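S.K.:
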Amino acid sequence: MPSISSGANVVQPDSPISLSRFNLRPIPPRVQQTWFGKIRAFNTFTVLEWIYLGASIVALTASLGLTIQRFTVEKPSESDFTFGLLLLLTTIFCYHYVIHSIFTERWDELLVFVVSNVIVVVYCIVNYINGERPTIKLIRLAVVCSIGPFLIVVGVIQCIRYCQSNNLIVNSVGGLSSLQKSCRLYYICSSLLKFDLQLQLSMLILVMGKGVLNMTLRQKIILASGVPVTILVFIFGSLGIRYESQTLMIVFYVLGLFEPGYVIYKFYYTVTEGKEVDATYDATFVCGYFAVIIWMLLIIATVYFAYYHFGTGLKEKLFEKAGNSPPGPNPMASNSIEERSTTESSIGDNTRTGGSNEDNRGTGLFKRTE
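Below you can see the structure in the form of C-alpha cells.
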C-alpha cells in the first residue's frame, strides 16, 4: 500500500520511479573509451560497414598470402625481393587503415586504403598483360578484379559519409565548435604521422636495392640507424600531440629533420649509383616525392595544432577515462579551464543582474569587444 506523509496529501510510491516501470531501456553508448582514445561502439556500425570490413580483411589476407608465397620464389639477392618487402609493409599498414578508419570515421585513412586498391588493380592488370602469365598471376588477377571494384566504390562512398557526418567527433567532445575543430585537426595530425611512418619505412626498405644479401656497409648503417630514428619520430610526435607537450614536440621537430635529408640523399644515390632502371628505381622516386609532401604537411599541421589548440581541453575530452593523464601539469590547459570557469561565472552573474553591469560582459573565450 502506498504511504501518505503526515501533514500533507502527498502519496509516496512503494518503489522509486525507473525506466523499467515504463518499459523503457537505457540508450546504449555511441562511443567506447580505449587507451588510444574514443572509438565508435559496435551498435553504430551499419550492415554495409560490416560487409566492407570483412571483405577488406579477406582481400588483404589473400594479398598477404600471395606476397609471402613470392618470398619462397624470389632470391634475397634480387631487387624483386626488396619490392616484395615493400608490398608486405604496405599490406600491414592497409590492415590498420581499413580497421581504424571504420572504428574512428577517419576518411583520410580510408582514402589511402582506396588509393592502394586502385594501384593494386592497375598494377595486376598491367603486369599480367605485359609479362609472363603463370598460374599465380592469373589467380591474383582474378581475386583483385573480383573484389577490388567493390572496395574502391564503397570505400569512396564511406569516405564521403565520414567526411560529412563527424558523428564520432560530436559524440566525443560535445557540441562546442572550437573543440570539434581541435579534434578534427588532431585526427588529421595523427593520420599524417602514420602516413609519414609508412613512407619513411618504405624509403628505408628501398635502400637495400638489390636485396638483403648484396647490401654494402653504408646501406647497412643507414638501415640500422634510420629505422630507430623513424620510429622515434612517430612516437614523439604521437605523444606530443596527445599530451600537448611542447617538450616532446621540440624533440619531434629536431628528429624530423633527418627525414627529408635522407630522401634527398636517396635521390642522389639512386641517380648517381643506380646502374639499371627496375621496379625499385621507379618506386624510390614515387615514394620519395610523396614522403616529402607528407612531411611538409605534417610539420605545418602539427605547428598549427600546437600553437592554436594546445590547452583547449581536448585531451581531457578524448582521454578523460583512459587513466593516462600526461606526466606533469600543463599550465596552458589549466589556464584554459580556469578561464572557462571564470567565463561561466561571469555569464551567470550577468544573467542574475539582467546584463546591466558592463563589468559582467564575459572574459576569456567568450569575451566580446566593442
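When you line the sequence shown up against UniProt numbering, it's residues 1 to 370, in that order. C-beta: ideal position from N, C-alpha, C; glycine also. Treat the numbers as computed from the prediction; the structure is a model and nothing was measured.
Rounded to whole angstroms, what is the Cα-Cα separation between residue 230 and residue 94?
M.R.: Each residue's Cα considered, the two are about 19 Å apart.
S.K.: To which residues of the same chain is residue 49 closer than 8 Å at the C-beta, ignoring the five residues directly before and after it?
M.R.: If we look at residue 49 and ignore the five residues flanking it on each side, its Cβ neighbours are 102, 158.
S.K.: Taking DSSP as the reference, what is the three-state secondary structure of residue 37?
M.R.: Strand.
S.K.: Which of helix, strand or coil does DSSP assign to residue 381?
M.R.: Look at the range of the chain in this structure, 1 to 370, and you will see that residue 381 is not part of it.
S.K.: Verify the CB distance criterion: does residue 243 have a CB-CB separation below 8 Å to chain B?
M.R.: Absence of chain B from the displayed structure is noted, only one protein chain being present.
S.K.: On a CA-only basis, which of 104, 311, 63, 320 is nearest residue 84? Give me that one, please.
M.R.: Nearest C-alpha to residue 84: 63.
S.K.: Is residue 224 buried or exposed, if buried means 16 or more other CB atoms sit within 10 Å of its CB?
M.R.: Label assigned to residue 224: exposed.
S.K.: Quick check: what's the CA-CA separation for residue 144 versus residue 151?
M.R.: Cα-Cα distance, rounded: 10 Å.
S.K.: Taking the alpha-carbon positions, what's the residue 183 to residue 205 distance?
M.R.: Distance between the alpha carbons of residue 183 and residue 205: 33 Å.
S.K.: Locate the alpha helix (DSSP H) running through residue 135, then write down its first and last residues.
M.R.: 135–165 is the extent of the alpha helix (DSSP H) around residue 135.
S.K.: Is it right to say residue 153 is buried, meaning 16 or more other beta carbons lie within 10 angstroms of its own, or is it exposed?
M.R.: Classification for residue 153: exposed.
S.K.: Let me know if residue 374 comes out buried or exposed under the rule of 16 or more other beta-carbons within 10 Å of its beta-carbon.
M.R.: Shown here, the chain extends from 1 to 370; a query on residue 374 therefore has no answer.
S.K.: Take residue 397 and list the residues in its own chain whose beta-carbon comes closer than 7 Å to its own, dropping the five residues that flank it on each side.
M.R.: Because residue 397 is not part of the residues shown, which for the chain are 1 to 370, the question remains open.
S.K.: Please classify residue 69: is it buried, with 16 or more other beta-carbons within 10 angstroms of its beta-carbon, or exposed?
M.R.: It is exposed - the Cβ of residue 69 has fewer than 16 other Cβ atoms within 10 Å.
S.K.: Classify residue 196: buried if its beta carbon has 16 or more other beta carbons within 10 angstroms, exposed otherwise.
M.R.: Answer is buried; the Cβ neighbour count reaches 16.
S.K.: On a Cα-Cα basis, can you pick out the residue from 249, 161, 215 that is closest to residue 193?
M.R.: Taking only the C-alpha atoms, the option nearest residue 193 is 249.
S.K.: Should residue 295 go down as buried or exposed, given a rule of 16 or more other Cβ atoms within 10 Å for buried?
M.R.: The residue in question, residue 295, is buried, as its Cβ has 16 or more Cβ neighbours within 10 Å.
S.K.: Say yes only if the C-beta of residue 247 is nearer than 7 Å to one or more non-hydrogen atoms of the ligand GDP, and no if none qualify.
M.R.: Looking at this structure, you won't find the ligand GDP or any other ligand, since it has none at all.
S.K.: If contact is defined by three or more beta carbon pairs under 8 Å, each pair taking one atom from either stretch, is the region 103–116 in contact with the region 164–173?
M.R.: Touching, yes.
S.K.: Taking all protein chains shown into account, decide if residue 202 is buried (16 or more other Cβ within 10 angstroms of its Cβ) or exposed.
M.R.: It counts as buried.
S.K.: When you compare the CB positions of residue 141 and residue 124, do they come within less than 8 Å of one another, or not?
M.R.: Taking 8 Å as the Cβ cut-off, residue 141 and residue 124 qualify as a contacting pair.
S.K.: Looking only at its chain, what residues have a beta carbon closer than 8 Å to the beta carbon of residue 160, apart from the 5 residues adjacent to it on each side?
M.R.: Only 107 meet the Cβ criterion.
S.K.: Could I get the ranges of all uninterrupted alpha helix (DSSP H) runs contained in the region 225–275, with 4 residues as the minimum, in chain order?
M.R.: Fully enclosed alpha helix (DSSP H) runs of 4 or longer: 246–256, 258–273.
S.K.: Quick one: is residue 198 buried, meaning 16 or more other Cβ sit within 10 Å of its Cβ, or exposed?
M.R.: That one is buried.
S.K.: Considering only residues of the same chain and omitting the five flanking positions on each side of residue 215, which have a CB-CB separation below 7 Å?
M.R.: Counting only Cβ-Cβ distances below 7 Å, and skipping sequence neighbours, we find 208.
S.K.: According to DSSP, is residue 45 part of a helix, a strand, or is it coil?
M.R.: Here residue 45 sits in coil by DSSP.
S.K.: Based on Cα-Cα distance, which residue from 66, 148, 132, 119 lies nearest to residue 283?
M.R.: Answer by Cα proximity: 119.
S.K.: Do residue 238 and residue 190 have their C-beta atoms closer together than 8 Å?
M.R.: A contact, by the Cβ cut-off of 8 Å.
S.K.: How many angstroms separate the CA atom of residue 312 from the CA atom of residue 52?
M.R.: Cα to Cα, residue 312 sits roughly 36 Å from residue 52.
S.K.: Would you mind sorting residue 241 into buried or exposed? The rule is 16 or more other CB atoms within 10 Å of its CB.
M.R.: By the neighbour-count rule (16 or more Cβ atoms within 10 Å), residue 241 is buried.
S.K.: Using DSSP with H/G/I as helix, E/B as strand and the rest coil, what is residue 203?
M.R.: DSSP places residue 203 in helix when its eight states are reduced to three.
S.K.: Are the Cβ atoms of residue 55 and residue 147 separated by less than 8 Å?
M.R.: In this structure, residue 147 lies closer than 8 Å to residue 55 by Cβ.
S.K.: Count the other CB atoms, across all protein chains shown, that sit within 10 Å of the CB of residue 117; report buried if there are 16 or more and exposed otherwise.
M.R.: Label assigned to residue 117: buried.
S.K.: Short check: CB of residue 31 to CB of residue 178, under 8 Å?
M.R.: Not a contact, by the Cβ cut-off of 8 Å.
S.K.: Look at the alpha carbon of residue 33 and the alpha carbon of residue 39, and state the distance between them as a whole number of angstroms.
M.R.: Roughly 7 Å separates the two Cα atoms.
S.K.: Can you tell me whether residue 353 is buried or exposed? The criterion is at least 16 other CB atoms within 10 Å of its CB, across all chains shown.
M.R.: Because residue 353 sits at a pLDDT of 43, beneath the cut-off of 50, its placement in the model cannot be relied upon, and the point is left open.
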